[in-house]
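Following: one structure in structure tokens, then a few remarks.
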Amino acid sequence: MKSLRIPLHKVRNAYLLIGEEREQLYEAALRFAEELLQREGGEEEPLWKRLSYPSKEEWRESVRKRIRAGEHPDLFRLLPDKPEEHPKMISVDNIRRNLVDSVEIRPYEAEYKIYIIMDADKMNAQAQNALLKTLEEPPEYAVILLLSGGREAFLPTVLSRLIEFSGGERDARERFLSFYEEEWAKEFSDFLPGIKEKAPSEILRFLKEHPEEKLPIRELFSFLEIILRDVLCYKSTKRQELLYAREISGTLIRMASDFDYSELGKITDELARDVRELSLNVNRELQLEQLLFSMGRREEGQPGGPGRTIW
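Residue numbers (my numbering): 1294 to 1604.
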């Protein structure tokens, strides 16, 4: 991901930092926070003197250390509700408790009060609407940084109030290899060959053995986007050297043979819609179930092309 720096000449109240590399986004946010929290404001007496530091240099070093240690009183980091399990969702209670209820309290020490929302695309619609009220009339000292892998998950009303900066995306080959290191990606790849002939009972059995805790839906959708791109590429060129997912070339070739262009187009459109709906209050396991049904047989004992299974 290319280096991402936020301009400092005109500070805004809300930013969206987009990129595939989570740690690099966080580093960019911390650098920005360091600059803002070291600003001395327009007071006659410098901030470092008012805080009783021996020198400006020692105060600045203290700011840097406390930011990196997560101990600065004017910097807050919001995480998904259960990050120790898997970053699933940022709930409305999380946003209210950790941002909305405290943002009106003035900074304790610095000129700014900064909130960094990690995995901001995990906010559900209710959480985004709660945040929107603050974005519409933010205190002048508040700066909110949303870190995300993309912009598709956000409500248009939220996006309209954010200043966007992109660090670019990792190369698709690099993303595929990163996913393919995970056990869930290998198991999902093993399930795909012949999926067009798989009956609903086979798909349900696979999903029962791989609940959402084992199949991170957002990452799986991104993984499948690369696979479908490769299937279309091979179908039109027959050149394996152009594939990003070369480790599963047998699966890609089988899928290119099984599906025609129209079917692949419908599956791709459905996947794109599912990605857009990830921020809404939808059942993600049901999303994946319906997507796989669309790729498999319509009903037991009867082959068919892509299409929502009707029960």
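C-beta: ideal position from N, C-alpha, C; glycine also.
Item                                                                                                                          : Value
Reference ASP1466; option with closest CA among LYS1479, ASP1412, PRO1493, ASP1523                                            : Residue identity differs from the one stated: residue 1466 is Arg in this sequence, not Asp. Ranking LYS1479, ASP1412, PRO1493, ASP1523 by Cα distance to ARG1466 puts ASP1523 first.
VAL1436 (DSSP reduced to helix, strand or coil)                                                                               : strand
Beta-carbon contacts of LEU1329 that lie in its chain and below 6 Å, excluding the five residues immediately before and after : TYR1405
Sub-8 Å separation of PHE1458 and ILE1299 beta-carbons                                                                        : yes
Same chain, Cβ closer than 7 Å to GLY1443, five either side skipped, listed in chain order                                    : ILE1311, ASP1414
Three-way DSSP call (helix, strand, coil) for ARG1466 in this model                                                           : helix
Proximal residues to GLY1589 (C-beta, below 6 Å), its chain only, five neighbours per side dropped                            : ILE1488, LYS1491, ILE1496
Of the listed residues ARG1389, ALA1322, LYS1349, GLU1333, nearest to ILE1360 (C-alpha basis)                                 : ALA1322
Bounding residues of the alpha helix (DSSP H) (the contiguous stretch that carries ARG1359)                                   : 1349-1361
Span of the alpha helix (DSSP H), counted from its first residue to its last, around ILE1456                                  : It is not in any alpha helix (DSSP H) - ILE1456 instead sits in the beta strand (DSSP E) that spans 1456-1459.
CA nearest to the CA of TYR1319, picked from LEU1557, LYS1381, LEU1371, GLU1364                                               : LEU1371
Rounded straight-line distance, which links the Cα of TYR1346 to that of TRP1352                                              : 6 Å
Environment of SER1441 [buried if 16+ CB atoms lie within 10 Å]                                                               : buried
Rounded separation between VAL1393 and THR1427 - CA only                                                                      : 7 Å
Nearest neighbour of GLY1460, chosen from LYS1303, ILE1546, GLU1316 [CA to CA]                                                : GLU1316
Minimum length 4: unbroken alpha helix (DSSP H) runs contained in the segment 1480-1531                                       : 1493-1502, 1510-1530
Bridge partners - TYR1408, DSSP secondary structure assignment                                                                : PHE1369, ILE1437
For TYR1554, the three-state DSSP class (helix, strand or coil)                                                               : helix
TYR1346 (DSSP reduced to helix, strand or coil)                                                                               : coil
Simplified DSSP assignment, three categories, for ILE1398                                                                     : coil
Outcome for GLN1331 when other beta-carbon atoms lying within 10 angstroms are tallied against a minimum of 16                : buried
Cβ-based neighbour list, GLU1582, same chain, cut-off 8 Å, excluding 5 preceding and 5 following                              : ILE1496, LEU1497, LEU1500
Where GLU1593 sits in the DSSP three-state scheme                                                                             : Residue placement at GLU1593 is poorly supported in this model, since its pLDDT is 46, which falls under 50; the coordinates are not used for a value here.
Inter-residue Cα distance where the pair is TYR1434 and ALA1307                                                               : 11 Å
Residue from TYR1473, GLU1445, GLU1333, ASN1417 with nearest C-alpha to ILE1383                                               : ASN1417
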